[in-house]
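Chains as they are written, first to last, in full-length UniProt numbering: chain A, 1 to 242; chain B, 1 to 242; chain C, 1 to 242; chain D, 1 to 242; chain E, 1 to 242; chain F, 1 to 242. Virtual Cβ for every residue (Gly too), placed ideally from N, Cα, C.
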């Protein structure tokens, strides 16, 4: 069985990670997974939220959003609606948790970083692209802080792990990696997996959208995702080395 | 190693499912997992949201909330804050998806059911108790509809599956079932699993709260959760038979 | 003329006041007036709102809310609507004023207590049940504070009065005590009265819902309410003595 | 004992009712009770809210608000705060209920009237001035509708009763009529009473702000208020006759 | 060509500026441009917003709003809608900027003034009437502050300039001054101009509502507006001298 | 006097207009004025808002927003704050008015177009870049509609005019064209001008931010802006021709 875009079931879409895409943020990365394009920026501020003051530890949060016409049909702005939808909040929380897993907060010192992930063009996998790109933006921001000596330790100690994320799903009975929109909407099972650069899990979120799934199928999906994340980790390493 | 409440690592807290706990709803169940107590009600209305009109299919949504002092320290009301938090929306969406997996919407006909899950007392596992209790409330509501002949098929066809849910986590390196609050806050890994009565997965959500996890650990957590859900399914059957 | 539930015109519904109904709050009372059931909790925190700091005086507020399906037909959650309705605010304010009439704020010291009154099941008289139950929860919280020596005087000085509340109304020309929902909706005149344990008035709120009323009728309603409150005060004393 | 403004305890402040104060509304009345000045307008629209459609009956609502600097110190605008306070909603609801008591909704036909009561200058008694002025604006709007033949009956049938309202309170132990701001803030008991032109009660709201009150005191306050409302009814008659 | 109200194309409507219209504010002016009536109040408070603390400079803001029935057909209250519309915010910002151009903030000292402009009756030109009236209210407030010695310099140094504003527009090809509502809605071009008392510009906002405009027409409109503002400046001087 | 970026006072920054920058919208243009980069998309939907139904005429609106870190320091998201700021609304309204001046709504037929202008990188002049880019996106959307025969006339009749916009200001006494951020913040006078392709004015908005301005200066600024807009119109023509 071949996929509409000609890929094999276990193949990623082309991935690009463009650093320094905008000039103002301390880290600014345009990530693309095929036609999905997300601008990930990292903004550094001194100090931490009130509940963390005096702890000697830093903090990292994330905010995800889609431009109104990043999608096939235009979605109303959440600023106009006056409230943030559940999906948006869920994804923002997922990105924040995933990136916090990379950091030693003591080493960060009492500094805060906000990761903004704005979807410019959506074609499935926006949250996994966001996590993958945000890691690179975060690395750039940590390096920037290291140069200015505002960390409590070396950048390598602060960011002791990398993370990347990928979606997997079951379409017509077949487990597939990195679903574009047209596969995503008809997947029976849909799973997002966040892994570290050394292959451990940070998050596993699997949902039987249109069907339930047994343990054997779950195992296959996890294998597929782990292999995909390994490739993304390599792409992140290359981007940061250049 | 023994747990603070004397349980074994693979043991559930005492579970109760009290049907008809309040008189107004079509289904009303007070569920308790140990000290966690959630009131789950099912409210039936004829008709469906606009986007589903004319489809011949019904719809089910869920809303989760905590009473302000269900917890150790009082939380501000979301009605007073004027916005619903990300955690609340995330759990409401999880409950809705899980319960929709039980239903044949064609058989339900163009009717809507809202499942309200209000936490009266919180001691860990509120979302899993909510899903487990909401299933029983939903079953009562479907039976009520069957008696009034407002379904498009028999109640058994409408509700073709049961679901229950349980939390598992890793504390001091040990995988444990059904975490109370004091274990939940110190778990390195935290996972919520929703299963059908026949042992398939509906949702798997695992998070490395304080540590990442490898495949072997993930496998143990899934085994533990599946066994726990099987016991909950049995408790649901008994409650509905009485 | 007999009422649908067999009561005399001047008779209360069965009243229960269950202390310690949930474990977390400093005071937690489940009050029932017939089928009306309200969970009243008292939450203590050190310190007072900014405008009262340095005054040496404490503060008490109340928040009333109904579970969405406490009623016959489901009401939308105020958290989902993003705003609190006028009726909810009016009742919250009434409960707060009534309970503040019991307290010596100097003796309370700079401490705050929030009274949450959540209606689990509604059958008329929810605000009067809430006031009656909240008083008992408040008394438990004050006793708890006394034990921990965080009051500026003895508990008896802090809580120098008891309050209870009851509804009265005119149905088919007859003044009646403690209206259930089915009487409430067709009452020509509807009145809520808050009294102290020694029979004085704290609040009198009478409304000609479907008809105006003369002084003679008003006098009868006040007599009926005062007698009802005296019985409730006795029930409170018994509950607190047990 | 004399009051600061030289009045007797049972004396109203000077009352004015200026009709046609602005040109756009169907009824527009500037009412003053001493220094308290409220602009009351009545706006007529054809049709009724959805829940009342097809009933053949009309509807009346009221909205009360204070200009930010109508008071001694500036209050933030509720539009800026993004939510309407409890006091505002409570008063809006009171005005609406009071005015609805004057009307035969069948005779009004399926028409709606909104009564806007905007406080231009506040010196105590704004809600009672608002009710008193809104009645006159309502009468003008009903007359306007009668001239255009958009009522289901004659104006006299539509508006079968007049209402007016006054505050009473206890200052230094003395019951007093029509409290200005400086008395209002120190009153032990504060009561607002709405009466019909023929002396019956529509609303009675008494609050022990700083002290509880017994039946004898309540009786005196009711006498005082009834006498005050009778004078206001006379002022309304004169204003409408001119 | 004559205008509906008999004015020449370059003629203002009758202007009144009534000082001390309400008693509470430090400055309170009822301004009318024909049937347009706006209550402008100036409220003084010590201190400045956080971002300006320690600067030694004061601050001035403005808030504009319309009473719901100031207009021909009733508009919903922005407090009820829970959000402030774009037009309201735009006008509030315009008034604030215009009045800030009159002030030496160092001379004002760390004090804040809020200018509230509430439209009681609208007939075109509400924003220009508001600016013109707010200047007089501001002058009264500055004088009040001078008397109490809470300025960092003399009132004349604080308020070193006057401002007034007028609308101009093109109707049926003819440039006209000070448009009432019926002209405003059919103007091809609409312009609001804010000038100082010595004839310089503070703001120029021209919009081709129904047609574009060339430079020659723009020049004529600016001439007309400058002449109108000169007359308004004279009216302000007279009002403040009386 | 030379500018920091080496430009002459009457020189534009480099302008680019990239069509088809994202694939989903009917028109999608990335516009840059120097370092200012705005994504302008045009989204077509059949039908018009309720108030325009049955008129046979179409409608166009615009929404402007800034990504949180498009600026030097991160701004909070308006969706998170729950309300849209005055500046955002003002600019959205300006863009909408400006683009509506290009269209014959009868020729458009009952179709709606939303223009979203999202600032990816901000360096002064974001609103003028947005208008200039939105015109090109609108032209592409109209052409797209023409191909699908959903217009009531030919595309050339629908879009009978082009518009572009530019900022001008006075820095150190010198009138300058197209201000970058560092000039914008210190400009004494700041003006935004919207012109048609044939040199007429659509909008003129001049503000004395730090100083007032006389007629001679205003004239120079208008000359400068008109010349700038002529160059932008030429750039638009080239972009649409390619």
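Using the beta-carbon of each residue, which ones in chain E are nearer than 8 angstroms to residue i?
i, result
"residue 49(D)", "The premise fails here: residue 49(D) is roughly 14 angstroms from chain E at the closest Cβ pair, so nothing lies under 8 angstroms."
Name the two residues that bound the continuous alpha helix (DSSP H) containing residue i.
i, result
"residue 118(F)", "Here residue 118(F) belongs to no alpha helix (DSSP H); instead the beta strand (DSSP E) covers 111-121."
"residue 91(F)", "86-100"
"residue 228(D)", "215-241"
"residue 80(D)", "78-81"
"residue 136(B)", "126-147"
"residue 184(D)", "181-184"
Could you pull the start and end residues of the beta strand (DSSP E) that residue i belongs to?
i, result
"residue 193(F)", "189-196"
"residue 15(B)", "15-19"
"residue 2(E)", "Taken as a continuous stretch (DSSP letters only), residue 2(E) belongs to no beta strand (DSSP E), as it is neither H nor E."
"residue 207(C)", "201-207"
Within this structure, are the beta carbons of residue i and residue j separated by less than 8 angstroms?
i, j, result
"residue 328(E)", "residue 113(E)", "In this structure chain E extends from 1 to 242, so residue 328(E) is not present and cannot be described."
"residue 189(D)", "residue 217(D)", "yes"
"residue 92(B)", "residue 134(B)", "no"
"residue 111(A)", "residue 145(A)", "yes"
"residue 150(F)", "residue 193(F)", "no"
"residue 243(A)", "residue 125(A)", "With chain A running from 1 to 242 in the structure shown, residue 243(A) is simply not present."
"residue 132(A)", "residue 231(A)", "no"
"residue 182(A)", "residue 4(A)", "yes"
"residue 122(A)", "residue 36(A)", "yes"
"residue 17(D)", "residue 136(D)", "yes"
"residue 107(D)", "residue 157(D)", "yes"
"residue 86(E)", "residue 89(F)", "yes"
"residue 83(B)", "residue 197(C)", "no"
"residue 175(C)", "residue 103(C)", "no"
"residue 187(F)", "residue 26(F)", "no"
What residues are listed by DSSP as bridge partners for residue i?
i, result
"residue 46(D)", "111(D)"
"residue 173(E)", "None, per the DSSP bridge assignment."
"residue 63(A)", "116(A)"
"residue 33(B)", "15(B) and 36(B)"
"residue 103(A)", "159(A)"
"residue 165(E)", "194(E)"
"residue 28(D)", "41(D)"
So with CB distances below 7 angstroms, who are the chain F contacts of residue i?
i, result
"residue 83(E)", "83"
Taking residue i as the query, report the chain B residues whose CB atoms sit under 8 angstroms from its CB, ordered along the chain.
i, result
"residue 65(C)", "77 and 79"
Starting from the beta carbon of residue i, find every residue of chain E whose beta carbon is closer than 9 angstroms, and list them in chain order.
i, result
"residue 214(F)", "199, 200 and 201"
Who are the neighbours of residue i on chain C, taking C-beta pairs under 8 angstroms?
i, result
"residue 61(D)", "The contacting residues do not exist; residue 61(D) stays about 11 angstroms from chain C at best."
Can you pull the chain B neighbours of residue i, defined as C-beta to C-beta under 7 angstroms?
i, result
"residue 35(C)", "23"
"residue 74(C)", "43 and 114"
What residues of chain D sit near residue i, judged by a beta carbon separation below 9 angstroms?
i, result
"residue 93(C)", "86, 87 and 90"
So which residues of chain D does residue i contact, with C-beta pairs closer than 8 angstroms?
i, result
"residue 156(C)", "Within chain D, no residue comes near residue 156(C); the closest Cβ sits about 18 angstroms away, beyond 8 angstroms."
What does residue i touch in chain C if you count any residue whose Cβ is under 7 angstroms from its own?
i, result
"residue 69(B)", "24, 25, 41, 43 and 116"
"residue 97(D)", "207"
*According to a CB-to-CB cut-off of less than 9 angstroms, which residues of the segment 101-129 of chain A neighbour chain H?*
The structure shown contains no chain H; its protein chains are A, B, C, D, E and F.
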